[in-house]
Each structure stands twice: as C-alpha cells, then as structure tokens.
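Working notes for the structure below.
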Amino acid sequence: MSEVLVLIDHVAGSVRKPTFELLTIAKRLGSPSAVFIGSPEHVEGVVEQVREYGADKLYPIDDAGLRDYLVAPKAEALQQLAAGRDVAAILLPSSAENKEIAGRLAVKLQSGLITDAVDVAADGTTTQSVFAGGYSVTARVTKGTPIITVKPNSAAPEASPGSGIIEHVDVTISEGAKTAVVEKREPRQSTGRPELTEAAIVVSGGRGTNGDFAEVERLADALGAAVGASRAAVDSGWIPYAFQVGQTGKTVSPRLYVANGISGAIQHRAGMQTSKTIVAVNKDAEAPIFAIADFGVVGDLDTVLPALTAEVARRKG
Amino acid sequence: MNIVVCVKHVPDAGADRRFEADHTVDRVDVDGLLSELDEYAVEQALRIKESRDGDDAVVIALTVGPEQAVDAVRKALQMGADKAVHVLDDAVAGSDAIATSLVLAKAVEKLGPVDLVVGGLASTDAGMSVLPSMLAERLGLPQLTGASSVEASGGALRIERDTDTATEVVSATLPLVLSVTDRSGEARYPSFKGIMAAKKKPLDTWSLADIGVEADQVGLSAAWSTVTETVARPPRTAGEIVTDEDGSGAAALAEFLTAEKFI
Ligand SMILES: Cc1cc2nc3c(=O)[nH]c(=O)nc-3n(C[C@H](O)[C@H](O)[C@H](O)COP(=O)(O)OP(=O)(O)OC[C@H]3O[C@@H](n4cnc5c(N)ncnc54)[C@H](O)[C@@H]3O)c2cc1C
Ligand SMILES: Nc1ncnc2c1ncn2[C@@H]1O[C@H](COP(=O)(O)O)[C@@H](O)[C@H]1O
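Chains as they are written, first to last, in full-length UniProt numbering: chain E, 1 to 317; chain A, 1 to 263.
Dropping the structure here:
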C-alpha cells in the first residue's frame, strides 16, 4: 500500500490534535507515515502518540540543522523523504508555516497543491470552504503527489493503532536553504484553555468589552471554551494577536461561537462564519452580527455576561 | 535598488462573489479592486524605499491578471510606486498558484536584477498564502514571510512574525522575498497629487511571450489541481433576537444554550 506522509504538528514533542485528525484522514488514502521534525529525545514519546492513531511508520528528522531557519530546510527534508518512496499524498496541518512549506514542496516535487481542506475523501477529493464560508468547493490534485494542507477539526480522530515502526532517514540541507535565520523565538504562553482553532466552543470579545476581557474569560471558563477576539480588541492591545479571529487572524469553526461586543465586520465574519451555532451579545440592535446569529441578545455585555456566567454555572451544578 | 511589489486584483469581498461555469472565480462581472492585504505590501515597499536616503530605489508594482487587473497596479502607482507591469495574456486565465508563481517569477527575472520582492499575507479571494514562498523557491531567494513588522538596515532585513506557537525574529540579506501582514503598518491613501502623478508613470503590459513562458505551461488546462464542484452555501439567517431587560437576556440565552445542549 502506498504511504501517506503526515507532517506532525507538535510543541516540544507533544503532538497536537490536528495531527491525529490527519492520521485518521491518511488511513483513507493509504498507509499513514508520520514525519517528525524535532529533537531526537522526543522520538520515543512521539511514536507512542502517533501509533495510537494509525501511524504505521515514523520518520524522525533531527531538527538540529533546520530549526534556526525559516521553512526552506523543512521543505527540502520532505522532498528528500518523498523521493524514491511510493507516496500517495502528503498531508500537513494548515498553519501559516505549513502552507509555506507546502508551497515550496509543490514547486520542488512538481505536484499539485490544495490548501485549507476541511475534508479529504478516500479518492483524494478535497472539500474547501471559500469566500468567507459562502461557497463549498470540491477539488482534486491531478499532477504529481497530492500535497494537501488540512484545517483543524476536519475529522474526528479515531484511535486505531498502526505498526509504529521507526525508520531513520538522513537529510542534507543545502546552504541555500539556510539564508533566512531565526534570531529569536519566544514561545507563546499557554493559557490553560483549549486551543482556539481546535475548541468546540469559542467565546470572543470585541471593542464592546472596552478593554476588560475578564467577563469574556469567565464565561469561556464556565463553558470550557477558548477565548477569541476581534481585530479592534487586538489592535487596542487588550489581548494578544494569537487570539484574533478573522481574515487575518485564525479561522475557527466551532460548534458554538459567542460574539460579545463585536459588530460583525466582514473580515471578522470571514473567520467564524462556518461555526455551527452563532450567538451574539451586543447593545446595538442594528449590529450586522445579528444577521448571522442563531440567537442574539440586545443588551449591555457588562450586565448580560456576569448573569449568563452565573446561570451557566448554576445549570452545570 | 529595485523593489518589486506583487499586487493582485480581486473581486470585492463586499460584493456577491461567485464562480464561472468552469469553476474559476468570476473576475469580470463582479467589481474588483486591489486586494486589501496587498496595500500593506505596497506600503512596506514604499517605506523601505523612503528609508534609503539618496539611494535611487525604484518601486515596481507587478500584477498578473485579466484586463481590469490593471486597476491594482494603478492604485499602487497612486500610492507612490514608480512604475508598473501588468502581465496580461488570455492563456493565463484559470491558472493555479503554481502557474501564477511561474509567471510572477519570470516577470521578476525580466525586471532583474531585483533586490526585494514584496507580497501580501494572502490574496483575499484565493487566500492560499503560498505565492511568496513559491516565488522564493523559484527565484532561489531567502523568504521572510508573514511579517508583523519590518526593519531595514543596510543590505539586510529583519522581521518579526507570529507563528501558531511563537513570536519570531528572522533576518536575511538582500536579495530576498518579503511578505507582510496587516499589522506591519497602516497603508497610506493616495493623495490628490499622487493620483495625478500616477497618470504619467510608466505602465507596461507584457504578454507571456515577453517573459518567455509558453501558453501551455499556464491556464486552466495546465493546472495541477482541478475544481470539480462549487456550491453556494445557503446564507445564514438571523435567529431569535431578544432584548435584555433586568436580566431576561441572560436567562433566555442560558435557556437557548441548554436546549442546544451546550450546557
Ligand atoms: C485588511 C483588514 C483585515 C482585517 N482583519 C480582521 C480580522 O482578522 N478580524 C477582525 O475581527 N477584524 C478584522 N478587520 C477589522 C474589521 O473590519 C473591524 O474593524 C473589526 O472586526 C471591528 O471589531 P469590533 O467588532 O470589536 O469593533 P466595532 O466594529 O467597533 O464593534 C464594537 C461593537 O460592540 C458593541 N458594544 C459596544 N459597547 C458594548 C457593550 N457595553 N455591550 C455590548 N455591546 C457593546 C457595539 O454596538 C459594536 O457593535 C480587518 C480589517 C482590514 C481592513
Ligand atoms: N495574480 C497575482 N498578481 C500579482 N501578485 C499576486 C497574484 N496572486 C498572488 N499575488 C501575491 O501573492 C500574495 C499571496 O497570494 P496567495 O498565495 O494567492 O494568497 C498576494 O498578497 C500578492 O502579493
């Protein structure tokens, strides 16, 4: 059976959920081979994690000669890995960096590329959500080895153990790939809340919070949700950019999205419009967010949110 | 110093965007404009030029697209770019990102030697965010992508960028490919003077033959992926909207969340 390469998304060897989703999808297309670009000390831990979700192989690539440079070395490593192997497809979690790796890889392998798939069928047909969720597009790669980046929440991870055989590979990185040098890397602090793009529930705040995200955070915690924000809130410095939802922030597609003090500009909607259920709290009855909300409260979030949080806590007992 | 800024003409996100029967984006019947995110690329190109005292830096706006795509480079000229190139050829229609990157790379080579190629974070229609890295690959240049801030010093650039898990500072020496986000600095509006001056600036139209690309390397039939279906989603409709009075809003919302099994 052909191999399907899955690039592992991890933080210091701790594999993130989208990888398990991709392994589940990879099983539809062939035999999943996980690719771990990271430190050798994490290989044992990583193989345990990916085997459980179906990885038949794990290719560890020591990132010592790669991590201080921007994307180009990773694309070279994947190219060398794919060369000479019977590869049915290459799947990468859809992050900004992975899309760039995929772009370079597509040129190198002379292969078609599809980004931001929300589903991949057994025959390689992908589904994408485009024009801010306005259209659903199905597509297929017709040349080379399909390279597909897949959005978080595109499949429910299925535990179904694979063989998990570790196969070491040597890659040589050219000097030309080492020209964009990472001088400093400051890891983002964990909030202890669910990851924004992976969360089942997202509670967001906008300019209407007036700078105080405490009530938004309390409601999020009561619901077990991730916290999000509009660009206005991020630009005002009330919350880091990592929490921005929208065209130039994260795209989220949770089961429930709660927008508080957010008007619903098109650039914001572009990042949350495909949420299953949308709820809005806004004191302006004319706010465009209400046009796409399944349930809306016209009211002041300073009074509605504390009452709602208390009520949620009471109902959850 | 030659700075090329890649700008795309896209259908207006505020209009009713749609697809043609062959599943390509309708770029004719829907009003278009310079992709909003590429304004930031033009802005950074101009700022880098302006930071080079006495250096005769030139900013060249480059677009690949149909007839009306010329409006994208015109806007860049109005903002302050010095010249513009529009690659216009019927054979380009329906190109995928791979083919577009080939056309852009060949055009950049023809403009060469180029010190800096600047692009936006993503086009607001396709939104793949891959063109700049593909260009870097094709041109064999370093890439500094997704910059939230840019600092030019001598023959080098240093950027700050946010990844999913970290904030990074990355640097490289020219020539290189840069892409910038909407956080890199507000884009300027064209002034009246800028609009008048733009009319006299050189604007070249190149065909594929001009840049040495064969017609069968690009376009819909040469694409390495094919769209099989485009389906409009039914627009979302408003649900129940209640007005809060003395806590009734929170109570009603809690009721809704319970009924939908979120609580
Ligand atoms: C190139 C570009 C990219 C962009 N990308 C993004 C993006 O990725 N994400 C994004 O979000 N935006 C983005 N924007 C910005 C977008 O256009 C809007 O400006 C932004 O989303 C507005 O944020 P907001 O809704 O919080 O603020 P506003 O539009 O000011 O709305 C605030 C809302 O809060 C309500 N309100 C005020 N006080 C209260 C209160 N006490 N109780 C209840 N409600 C209250 C008001 O009625 C109002 O509706 C982008 C813009 C551009 C040009
Ligand atoms: N047809 C085009 N002409 C000129 N530049 C383009 C074109 N398509 C994409 N670009 C550039 O590449 C960037 C990323 O585009 P994309 O990969 O399509 O999201 C854009 O912000 C532009 O700077």
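We treat Cβ as the ideally placed atom computed from N, Cα and C, and that holds for glycine.
- Is any heavy atom of ligand 2 found at a distance shorter than 7 Å from the C-beta of A/Thr181? No, Cβ of A/Thr181 sits at least 7 Å from all heavy atoms of ligand 2.
- Would you list the residues whose beta-carbon is nearer than 5 Å to any heavy atom of ligand 1, in the order they occur in the chain? E/Gly206, E/Arg207, E/Gly208, E/Ser230, E/Arg231, E/Ala232, E/Gly246, E/Gln247, E/Thr248, E/Gly249, E/Gly261, E/Ile262, E/Ser263, E/Ala265, E/Gln267, E/His268, E/Asn282, E/Lys283, E/Asp284, E/Ala287, E/Asp300, E/Leu301, A/Glu36, A/Asp182
- Item | Beta-bridge partners of E/Gln244, as assigned by DSSP | BP columns for E/Gln244 point to E/Ala229.
- Going by other Cβ atoms of all chains shown within 10 Å of its Cβ, with 16 needed for buried, is A/Glu245 buried or exposed? So A/Glu245 counts as exposed.
- Query: To which residues does DSSP link A/Thr230 through a beta bridge?
  - Reply: Partner residues in the beta bridge of A/Thr230, as assigned by DSSP, are E/Val137.
- Please compile the residues from chain A whose C-beta is within a distance smaller than 8 Å of the C-beta of E/Gln273. Here the neighbours are Arg236.
- Relative to the alpha-carbon of residue 318 of chain E, which residue among E/Ala132, E/Phe131, E/Asp119 has its alpha-carbon at the smallest distance? Past the boundaries of the shown model lies residue 318 of chain E; chain E is included only from 1 to 317, so the question cannot be answered.
- Item | N-terminal and C-terminal residue of the alpha helix (DSSP H) that A/Phe256 is part of | 248-259
- Task: May I have a chain-ordered list of the beta strand (DSSP E) segments no shorter than 3 residues that lie completely inside the region 134-162 of chain A?
- Result: You should have 143-153, 156-162.
- 8 Å Cβ shell around A/Ser225 - same chain, five flanking residues per side excluded: Asp96
- Message: I want to verify the contact list: residues of chain A whose CB lies under 9 Å from the CB of E/Lys74, in sequence order.
- Response: Under the 9 Å cutoff, chain A gives no residues; its nearest Cβ is about 11 Å from E/Lys74.
- Task: Check whether the Cβ of A/Phe256 lies closer than 8 Å to any Cβ atom in chain E.
- Result: yes
- Message: Determine, for E/Glu217, whether the minimum Cβ-Cβ distance to residues of chain A falls below 8 Å.
- Response: no
- Cβ-heavy atom distance between E/Gly84 and ligand 4 below 7 Å? The model depicted lacks ligand 4 and carries ligand 1 and ligand 2 instead.
- List the DSSP bridge partners of A/Thr243. E/Val298
- Simplified DSSP state of E/Asp62, which is helix, strand or coil: In this structure, E/Asp62 counts as strand in the three-state DSSP scheme.
- Task: Answer with yes or no whether the minimum CB distance from A/Ser133 to chain E is below 8 Å.
- Result: yes
- Task: Step through the CB atoms of chain E and report whether any lies within less than 8 Å of the CB of A/Glu186.
- Result: Cβ-Cβ to chain E under 8 Å: no for A/Glu186.
- Quick one: what's got a C-beta closer than 6 Å to E/Gln244's C-beta in the same chain, skipping five residues either side? Ala229, Arg231, Val234
- Message: Are the CB atoms of E/Leu70 and E/Ala242 within a distance shorter than 8 Å?
- Response: Their beta carbons are not under 8 Å apart, which means E/Ala242 does not touch E/Leu70 by this criterion.
- Beta-bridge pairing of E/Ile37 - partner residues as DSSP gives them: E/Ile61
- The beta strand (DSSP E) with A/Ser101 in it runs from where to where? Unbroken run through A/Ser101 is the alpha helix (DSSP H), 97-111; no beta strand (DSSP E).
- Task: For E/Gly224, count neighbouring Cβ atoms within 10 angstroms of its own Cβ and tell me buried if that reaches 16, exposed if not.
- Result: exposed
- Sort A/Leu46, A/Ser207, A/Asp125 by Cα distance to A/Asp56 and report the nearest one. Ranking A/Leu46, A/Ser207, A/Asp125 by Cα distance to A/Asp56 puts A/Leu46 first.
- Message: Quick check on this structure: which residue in E/Val107, E/Pro93, E/Ala96, E/Asp68 has the alpha carbon closest to the alpha carbon of E/Gln79?
- Response: Here the closest residue by C-alpha is E/Val107.
- Under 8 Å between C-beta atoms, does A/Ile211 make it to chain E? When Cβ-Cβ separations below 8 Å define contact, A/Ile211 makes no contact with chain E.
- Message: Excluding the 5 residues flanking A/Pro142 on each side, which residues of the same chain have their C-beta closer than 6 Å to its C-beta?
- Response: Ala172, Leu176
- Task: Inspect the CB distances between the region 127-137 of chain E and the region 95-103 of chain E and report whether three or more fall short of 8 Å.
- Result: No: the two stretches stay apart, fewer than three of their Cβ pairs being nearer than 8 Å.
- Message: With a threshold of 8 Å between beta carbons, is E/Leu22 in contact with chain A?
- Response: no
- Query: From the DSSP output, which residues share a beta bridge with A/Leu203?
  - Reply: A/Ala84
- Chain-ordered neighbours of A/Val169 on chain E, where CB pairs are closer than 9 Å: Val182, Glu183, Lys184, Arg185, Glu186
- Does any heavy atom of ligand 2 sit closer than 7 Å to the C-beta of A/Met79? no
- Query: Any beta-carbon of chain E closer than 8 Å to the one on A/Glu229?
  - Reply: yes
- Task: Could you pull out every residue in the same chain whose Cβ sits closer than 8 Å to the Cβ of E/Ile165, ignoring the five residues on either side in sequence?
- Result: Asp56, Lys57, Leu58
- May I ask you to list, following chain order, the residues of the region 288-303 of chain E that have a beta carbon less than 9 Å from some beta carbon of chain A? Answer in chain order: Phe290, Ala291, Ile292, Ala293, Asp294, Phe295, Gly296, Val297, Val298, Gly299, Asp300, Thr303.
- Between E/Thr309 and E/Arg218, is the Cβ-Cβ spacing less than 8 Å? yes
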